[in-house]
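Asker:
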Amino acid sequence: MLPANLISTLKALSVTDKPLITATPDKGSIDVGKQFEPGQKVQGTVQAQVAPNVFNVRVATQLLQMQLPAFVRSGDTITLQVVSLQPRLTFTLAASSNPVSTPESLSAASRLLSSLSQQPLERSYVRPLQSSPLWTGEKVQPDTTQLAGKLHEALSQSGLFYESHQAQWIAGARPTAQLLLEPQNQLSQGAKNLETAQTGSGQQFAALNIPEHLQTLVQQQMSTLETHQVLWQGQVWQGQEMRWKVSEESPHRNAQGIEEGQWVTQINLDLPNLGGVSARLSFNGNALNLSFDVSDAQAREKLGNASSQLIAALSERGIPVVHTQITQTIIAQDN
7 MLPANLISTL KALSVTDKPL ITATPDKGSI DVGKQFEPGQ KVQGTVQAQV APNVFNVRVA
67 TQLLQMQLPA FVRSGDTITL QVVSLQPRLT FTLAASSNPV STPESLSAAS RLLSSLSQQP
127 LERSYVRPLQ SSPLWTGEKV QPDTTQLAGK LHEALSQSGL FYESHQAQWI AGARPTAQLL
187 LEPQNQLSQG AKNLETAQTG SGQQFAALNI PEHLQTLVQQ QMSTLETHQV LWQGQVWQGQ
247 EMRWKVSEES PHRNAQGIEE GQWVTQINLD LPNLGGVSAR LSFNGNALNL SFDVSDAQAR
307 EKLGNASSQL IAALSERGIP VVHTQITQTI IAQDN
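Numbering (the working numbering), first residue to last: 7 to 341.
(1) When you compare only the Cα positions, how much space is there between residue 83 and residue 252?
(2) Does the distance from the C-beta atom of residue 68 to that of residue 93 stay below 8 Å?
(3) Got a sec? Which residues, its chain only, sit under 6 Å from residue 71 by beta carbon, not counting five neighbours each side?
(4) Taking the alpha-carbon positions, what's the residue 277 to residue 164 distance?
(5) In the DSSP assignment, what are the bridge partners of residue 349?
(6) Would you say residue 176 and residue 97 are within 8 Å of each other, going by their C-beta atoms?
(7) Please name the residue or residues paired with residue 255 in a DSSP beta bridge.
(8) Can you tell which of 334, 57, 139 has its C-alpha closest to the C-alpha of residue 302?
(9) Expressed to the nearest angstrom, what Euclidean distance is found between the alpha-carbon atoms of residue 5 and residue 168?
(10) Less than 8 Å separating the beta-carbons of residue 300 and residue 324?
(11) May I ask you to report which of helix, strand or coil DSSP gives residue 290?
(12) List the whole-angstrom C-beta distance separating residue 230 from residue 224, where the pair is believed to meet the contact cut-off of C-beta under 8 Å.
(13) Figure out for me which residue from 305, 243, 331 has the closest Cα to the Cα of residue 144.
(14) Name the DSSP bridge partner or partners of residue 297?
(15) Does residue 230 come out as helix, strand or coil in the three-state DSSP assignment?
(16) Please look up how many angstroms separate the CB atoms of residue 270 and residue 247, rounded, as I've assumed it's under 8 Å.
(17) I need the DSSP call for residue 324, collapsed to helix, strand or coil.
(18) Put residue 169 into one of helix, strand or coil per three-state DSSP.
(19) Are residue 292 and residue 268 close, meaning C-beta to C-beta below 8 Å?
(20) Tell me whether residue 308 sits in a helix, a strand or coil according to DSSP, three-state version.
What follows is the structure, given as structure tokens:
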């Protein structure tokens, strides 16, 4: 279940009234009451604005004048539903050619998201699209630089950041090939054909139907926005699962009084020679706090002996380590 404040916000967005729109016929128009019937849906093209929020709208062969919501612009195509013919011709606004901007579509989207938010989160972490390990090289020990790049790709291509990547693509900062690797672009051909047919037939809200295989991902996106943390789990090399969490913590002020962001990343592994290992890296500005938690004394001793080598390697890459800690979690045994 997602956090209560997110659910309440989505519920509030999902409740919206359809404003009634009265139409005044142009003086040269014939009896418009004969052209429509209650419940009928008709399309109109918004013409020139004649007063604040008042437009001439071409509906079939009729030119009508009506007051429209502030988001409507000249040139828009709108869908109207006839409410009544008497005493005045009255419509409600059903949709527009820019559905994302209309209250109707915002309400539909928020209802959908609200419904998803109230469903149990099937999986809190994202997994790679492919089940194969990230590192498939011939060496027994993975190349750490290449593995780091693979981890970056796995998280970037998880679909969690798809909308921001779309914005980068529009700005020319991300190639199409990268965008196509994300789950949102892995629809089956049948689903793609259906989506194309719905869009072409003017069913503006078809885009709000989230494919089943993406619903968990959308829930994860909402959870990430709310909690400011990302969870990833997958095989980093053959037979080796890793759980990885990246989170943003409240910023703090450094000695100079400058506010700095604080990021924490934590990985959990069950290694053949060290057993269970949890590594937590906390970045404060450019400095790093590093802590390990292990399951047995031998692993603690091994990590302690190798810690100076790790600190030196990080320092060479411009990452000063200001604090290191290695602890052992003792698991109680049943007698």
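Cβ coordinates follow ideal geometry from the N, Cα and C atoms, glycine included. Note that this is a predicted model, so its numbers are computed, not measured.
Answerer: Walking through what the data contain:
(1) 44 Å
(2) no
(3) 30, 62
(4) 25 Å
(5) The requested residue 349 does not occur in the structure, where the chain is confined to residues 7 to 341.
(6) no
(7) 268
(8) 334
(9) Outside the displayed range of the chain (7 to 341) lies residue 5, so it cannot be described from this structure.
(10) no
(11) strand
(12) About 11 Å; that fails the 8 Å criterion.
(13) 243
(14) 286, 331
(15) helix
(16) About 21 Å; that fails the 8 Å criterion.
(17) coil
(18) helix
(19) no
(20) helix
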